[in-house]
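S.K.:
In the numbering used here, the protein residues as written are 14 to 349.
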């Protein structure tokens, strides 16, 4: 497997957090090789004390600029051609890296990836997809922020790509697909989702109809499709609610000595539940539909979460995700 190009400079944290994640990923996966893109001095210092079997699988690639979280996508493309984000994507385009990972500005990464890599035939726009914890395993949801708007045809394409990930990467035999709406009834929703429903109903996919927000967690569908604006709002709401529940539980279990005792008794169960819902386990969202693998990490990801995003990139490469999507979209184009 070719190296995974990792942008260690972009995001809400200092580079050392992303470097720690890269090192963690290298330790966890003996076959993983990386190209660490950014400030050569910072990267070399982080690698200096590592055992040779780990250090030898990390190559330093210099980049003199950084795309900030405030940079507009167009400015990032025009004026930051030497940024760590751009260089990482360029390495994929050049064929010297098999994938790239960045925790940086979502809009800039989406724009750069479209500009440098382009989309596969039959794909109008790439979409961001990630796993969401559900009652039975997890649900794949897209788009989570690559496109604030989507046409009915683009939503159909998102559904097809989501089904491919669920089937070919995660082993779901016949993925059930739902279209996010304000109700399950056929007459609900605006004209766009009605038009998308009509396309999905005759797409040949295992489309089960409209789903509501709570169905994301029910386990009754494997793929939930929506536009990037709605998907990103839903994702951030989930994160906020999870944080609120965790904070409230901590407060309640500290309220009195009896509550603290109850907390001590419940701690093993709470830890197991928290581990299954830990957002770090689900970090790393593939930008599907591009002619190359790009993984978006959460900007606030710590080393553990960033390592998970790198693992997601390696998993996508090992399952030949781009090739599977290209084949499926070509086949769909041939039958329409």
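Every residue gets a Cβ at the ideal spot worked out from N, C-alpha and C, and that includes glycine. Predicted, not measured: the structure shown is a model, and the values here were computed from it.
(1) Return the CA-CA distance between residue 49 and residue 18, expressed in angstroms with no decimal places.
(2) Once DSSP output is grouped into helix, strand and coil, what is the label at residue 98?
(3) Do you know whose CA, among 207, 57, 115 and 197, lies nearest residue 326's CA?
(4) Going along the chain, which residues of its own chain have a beta-carbon closer than 8 Å to the beta-carbon of residue 225, five neighbours each way excluded?
(5) Output yes or no for whether 8 Å exceeds the beta carbon distance between residue 232 and residue 147.
(6) For residue 123, count neighbouring Cβ atoms within 10 angstroms of its own Cβ and tell me buried if that reaches 16, exposed if not.
(7) From the DSSP output, in three-state form, read off residue 14 for me.
(8) Do residue 157 and residue 298 have their C-beta atoms within less than 8 Å of each other?
(9) At what residues does the alpha helix (DSSP H) containing residue 171 begin and finish?
(10) Does the count of Cβ pairs from the region 211–223 and the region 124–133 closer than 8 Å reach three?
(11) Measure the C-alpha to C-alpha separation of residue 34 and residue 199 and round it to an integer number of angstroms.
(12) Ordered along the chain, which non-local residues of its own chain (more than five positions away) have a Cβ less than 7 Å from that of residue 136?
(13) Would residue 240 pass as a contact of residue 309 if the rule is Cβ separation under 8 Å?
(14) Terminal residues of the continuous beta strand (DSSP E) containing residue 112?
(15) Helix, strand or coil for residue 120? Go by DSSP, reduced to three states.
(16) Using the C-alpha atoms, what's the distance from residue 143 back to residue 110?
(17) Helix, strand or coil for residue 220, going by three-state DSSP, please let me know.
(18) Tell me the residue span of the beta strand (DSSP E) that contains residue 300.
(19) Helix or strand or just coil, what does DSSP make of residue 309?
(20) With C-beta atoms as the reference, is residue 40 less than 8 Å away from residue 70?
(21) Should the region 243–250 be called in touch with the region 264–284, which here means at least 3 C-beta pairs below 8 Å?
(22) Only counting the same chain, and skipping five residues up and downstream in sequence, which positions put a Cβ closer than 6 Å to that of residue 75?
(23) So residue 143 is in the alpha helix (DSSP H); what residue range does that whole segment cover?
(24) With distances taken Cα to Cα, identify the nearest neighbour of residue 311 among 29, 252 and 260.
(25) Do you know offhand how far residue 103's Cα is from residue 55's?
(26) Which same chain residues end up closer than 7 Å to residue 176 when comparing Cβ atoms and leaving out the 5 residues on each side of it in sequence?
(27) Could you check the C-alpha separation between residue 91 and residue 30 for me, to the nearest Å?
(28) Alpha carbon to alpha carbon, how far is residue 138 from residue 274?
(29) Under a Cβ-count criterion, where at least 16 other Cβ atoms within 10 Å of its own Cβ denotes burial, should residue 141 be classed as buried or exposed?
(30) Quick one, which of 333, 51, 58 and 180 has its alpha-carbon nearest residue 94's?
(31) Quick one, are the C-beta atoms of residue 108 and residue 24 less than 8 Å apart?
M.R.: Quick answer:
(1) 6 Å
(2) helix
(3) 115
(4) 193, 194, 195, 196 and 197
(5) yes
(6) buried
(7) coil
(8) yes
(9) 165–177
(10) no
(11) 45 Å
(12) 170, 302 and 342
(13) no
(14) 112–115
(15) helix
(16) 22 Å
(17) strand
(18) 298–301
(19) strand
(20) no
(21) no
(22) 53
(23) From DSSP, residue 143 is part of no alpha helix (DSSP H) but of the beta strand (DSSP E) over 140–146.
(24) 252
(25) 21 Å
(26) 188, 190, 218 and 236
(27) 28 Å
(28) 53 Å
(29) buried
(30) 51
(31) no
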